[in-house]
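Asks: From first to last, the protein sequence lines stand for chains D and E.
Going letter by letter, the first sequence gives residues 1 to 318 in our numbering.
Going letter by letter, the second sequence gives residues 319 to 400 in our numbering.
Structure in structure tokens, see below.
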Amino acid sequence: MNSATGSPGARILGLGHYRPSKVLTNDDIAAFVDTNDAWIRDRVGVVTRHIAADDESVVDMAVAAAGKALAAAGAEADSIDLVVTATCTLEASLPGASATIATRLGIPGPGAFDLNAACAGFCYGLTVADDAIRCGSAQRVLLIGAEKLSAWVDWTDRSTCIIFGDAAGAAVIGGSETTGIGPVVWGSDGTRAGAITIPGRDAAMHMEGQAVFRWATTTMGKVALEACRRAGVAPEDIAIVVPHQANLRIVDAIVRQLGATNAVVARDIVDSGNTSAASIPLALSRLVERGEARTGDDVLVLAFGAGLTFAGQVITCP
Amino acid sequence: MTTDEIQTGLAEILEEVAGILPADVSPEKSFTDDLDVDSLSMVEVVVAAEEKFDVKIPDDEVKNLRTVGDAVAYIEKHGAAA
Ligand SMILES: CC(C)(COP(=O)(O)OP(=O)(O)OC[C@H]1O[C@@H](n2cnc3c(N)ncnc32)[C@H](O)[C@@H]1OP(=O)(O)O)[C@@H](O)C(=O)NCCC(=O)NCCS
Numbered sequence: 001m002n003s004a005t006g007s008p009g010a011r012i013l014g015l016g017h018y019r020p021s022k023v024l025t026n027d028d029i030a031a032f033v034d035t036n037d038a039w040i041r042d043r044v045g046v047v048t049r050h051i052a053a054d055d056e057s058v059v060d061m062a063v064a065a066a067g068k069a070l071a072a073a074g075a076e077a078d079s080i081d082l083v084v085t086a087t088c089t090l091e092a093s094l095p096g097a098s099a100t101i102a103t104r105l106g107i108p109g110p111g112a113f114d115l116n117a118a119c120a121g122f123c124y125g126l127t128v129a130d131d132a133i134r135c136g137s138a139q140r141v142l143l144i145g146a147e148k149l150s151a152w153v154d155w156t157d158r159s160t161c162i163i164f165g166d167a168a169g170a171a172v173i174g175g176s177e178t179t180g181i182g183p184v185v186w187g188s189d190g191t192r193a194g195a196i197t198i199p200g201r202d203a204a205m206h207m208e209g210q211a212v213f214r215w216a217t218t219t220m221g222k223v224a225l226e227a228c229r230r231a232g233v234a235p236e237d238i239a240i241v242v243p244h245q246a247n248l249r250i251v252d253a254i255v256r257q258l259g260a261t262n263a264v265v266a267r268d269i270v271d272s273g274n275t276s277a278a279s280i281p282l283a284l285s286r287l288v289e290r291g292e293a294r295t296g297d298d299v300l301v302l303a304f305g306a307g308l309t310f311a312g313q314v315i316t317c318p
Numbered sequence: 319m320t321t322d323e324i325q326t327g328l329a330e331i332l333e334e335v336a337g338i339l340p341a342d343v344s345p346e347k348s349f350t351d352d353l354d355v356d357s358l359s360m361v362e363v364v365v366a367a368e369e370k371f372d373v374k375i376p377d378d379e380v381k382n383l384r385t386v387g388d389a390v391a392y393i394e395k396h397g398a399a400a
């Protein structure tokens, strides 16, 4: 039997993002639950978040972000042979999103599947794409993180509804001579499966906030350090840190533990909220758009969420 | 580790996590009322203390640690160095 031959390395060729037009402020939320702007800024770090329209789907947002990523990469739609969408908030459980997204973008018949590792999904997808390209299962991958959390949170529960937002982010990943996606550090802790759940079709999100906070601030700094060690990049040489935008206090704790003293740190949660699997490509794409992340920069990405699951790696900025 | 050393170590953690001046840290000070350590900073303080003093501080125990003195006493009693 023959085996496939892949590319020596893989890297991100272009990024894109999309946020719905409707903006929800903390004061807007304080009008319907007992909370206030100062508390939300202080404990979570969110000031505004974007909320999808009722008739705007996860697929709609994914298509918008992916179209921009294709343009940024200078990639023709028909050059994509695998589409992977990280999401945990689809309206329906069948069909998955990726085949429809491909069709809407004019990508003819690629391999297509969705990936659910909750908020960590995009970082899982980076390694799936890297492996596929290096092993020869795919030449060019469209990886998307897209979420409509607004459809799944209980808008009367002030411990969750203040945190989340809707968005999509996407990356086109292709072969390269050098490594552009470093070794992954990933893992899970199923003993804490109950910490973040959406238990059923008509149920809303339930979250044990403090337990998640403790877990993230205890373990993610070490994961970040290990991802740097495996990539062979010293923390002080990391140019950009993009932790999952779960809570600004968690972001700060991870960066402090990592010792990435010279890095630009993504603080996209401030005006996007926590957008689950979309948060990392959204935050990185916006840093690139603003010129704060530059081509060739070493970027540490690190995500964690329900499962509990986590994954992180050092990547090269497109 | 002496009581003083534990208190000094705890003050270092409070400075790093919550920006509290070591001079403001004394046994009778309440974390929330006097030092403005909110529930999330308290989690970070506990996590850092577990590491520094090689001690387990379960979630249920955290709410009993009202003052700096409470925390020092807990670490003295349960820490590896005890
Ligand atoms: C959700 C989270 C912000 C809650 O913060 P917390 O400090 O743990 O909140 P608590 O429930 O302990 O409440 C602390 C105080 O704030 C109050 N409070 C809680 N939610 C509030 C809100 N939305 N507005 C105003 N006050 C609020 C509580 O009543 C309590 O007051 P008290 O001390 O007077 O009793 C925080 O736990 C968190 O962000 N955790 C991480 C979750 C996360 O990252 N999830 C995503 C992972 S992908």
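Even glycine gets a Cβ: it sits at the ideal position worked out from N, Cα and C.
Predicted, not measured: the structure shown is a model, and the values here were computed from it.
Compare the beta carbon distance of D/ALA107 and D/ALA77 with 9 Å and say whether it is the shorter of the two.
Replies: Per the sequence shown, the amino acid found at residue 107 of chain D is Ile instead of Ala. Yes, the Cβ-Cβ distance between D/ILE107 and D/ALA77 is below 9 Å.
Asks: Taking 8 Å as the threshold, find out whether the segment 325-339 of chain E comes into contact with the segment 233-249 of chain D through three or more Cβ pairs.
Replies: Segments in contact, no.
Asks: Under the rule that 16 or more other beta-carbon atoms within 10 Å means buried, what is E/GLU362, buried or exposed?
Replies: With 16 or more other Cβ atoms within 10 Å, it is buried.
Asks: Mind checking the segment 347-363 of chain E against chain D and listing, in chain order, the residues whose C-beta falls within less than 9 Å of any C-beta there?
Replies: So the close ones are ASP356, SER357, LEU358, SER359, VAL361, GLU362.
Asks: What residue from D/GLY136, D/ALA168, D/LEU126, D/LEU308 has the CA that sits closest to D/MET61's CA?
Replies: Of the listed residues, the one whose Cα sits closest to D/MET61 is D/ALA168.
Asks: Please report the residue range of the beta strand (DSSP E) in which D/ARG49 lies.
Replies: 48-51 is the span of the beta strand (DSSP E), which, as asked, contains D/ARG49.
Asks: Can you give the Cα-Cα distance for D/HIS206 and D/THR218, rounded to whole angstroms?
Replies: Rounded to whole angstroms, D/HIS206 to D/THR218 spans 21 Å at the Cα level.
Asks: Which residue marks the beginning of the beta strand (DSSP E) containing D/VAL319, and which one marks its end?
Replies: Any property of residue 319 of chain D remains undetermined from this structure, which presents chain D solely from 1 to 318.
Asks: Would the beta-carbon of D/GLN257 be found less than 8 Å away from any heavy atom of ligand 1?
Replies: Flag unset: Cβ of D/GLN257 not near ligand 1.
Asks: Whole angstroms are fine: how far does the CA of D/THR85 sit from the CA of E/LEU358?
Replies: Answer to the nearest angstrom: the Cα atoms are 33 Å apart.
Asks: Tell me D/SER188's beta-bridge partners as DSSP assigns them.
Replies: DSSP lists D/THR309 as partners of D/SER188.
Asks: So which residues of chain E does D/GLN210 contact, with C-beta pairs closer than 8 Å?
Replies: The contacting residues are SER357, LEU358, VAL361, ASP377.
Asks: What in chain D is Cβ-close to E/VAL365, meaning under 7 Å?
Replies: What E/VAL365 touches in chain D: ARG214, THR217, THR218.
Asks: Taking only beta-carbon positions, decide if D/ARG192 is within less than 9 Å of chain E.
Replies: Judged by the 9 Å Cβ criterion, D/ARG192 is not in contact with chain E.
Asks: Please name the residue, chosen from D/TYR124, D/ASP27, D/THR25, that lies closest to D/ILE327 on a Cα-to-Cα basis.
Replies: Residue numbering for chain D in the displayed model covers 1 to 318; residue 327 of chain D lies beyond these limits and cannot be assessed.
Asks: Check D/PRO243 in the structure and name its three-state DSSP category.
Replies: It is a strand residue.
Asks: Helix, strand or coil: which one does DSSP assign to D/MET207?
Replies: Reduced to three states, the DSSP call for D/MET207 is strand.
Asks: Can you tell me whether D/ASN274 is buried or exposed, with buried defined as 16 or more other CB within 10 angstroms of its CB?
Replies: Its Cβ being crowded by 16 or more others within 10 Å, D/ASN274 is buried.
Asks: So if I threshold CB-CB distances at 9 Å, which residues from the segment 263-286 of chain D count as touching chain E?
Replies: Residues: none.
Asks: Got a sec: is the Cβ-Cβ distance from E/GLU334 to anything in chain D below 9 Å?
Replies: With 9 Å as the cut-off, E/GLU334 counts as an interface residue toward chain D.
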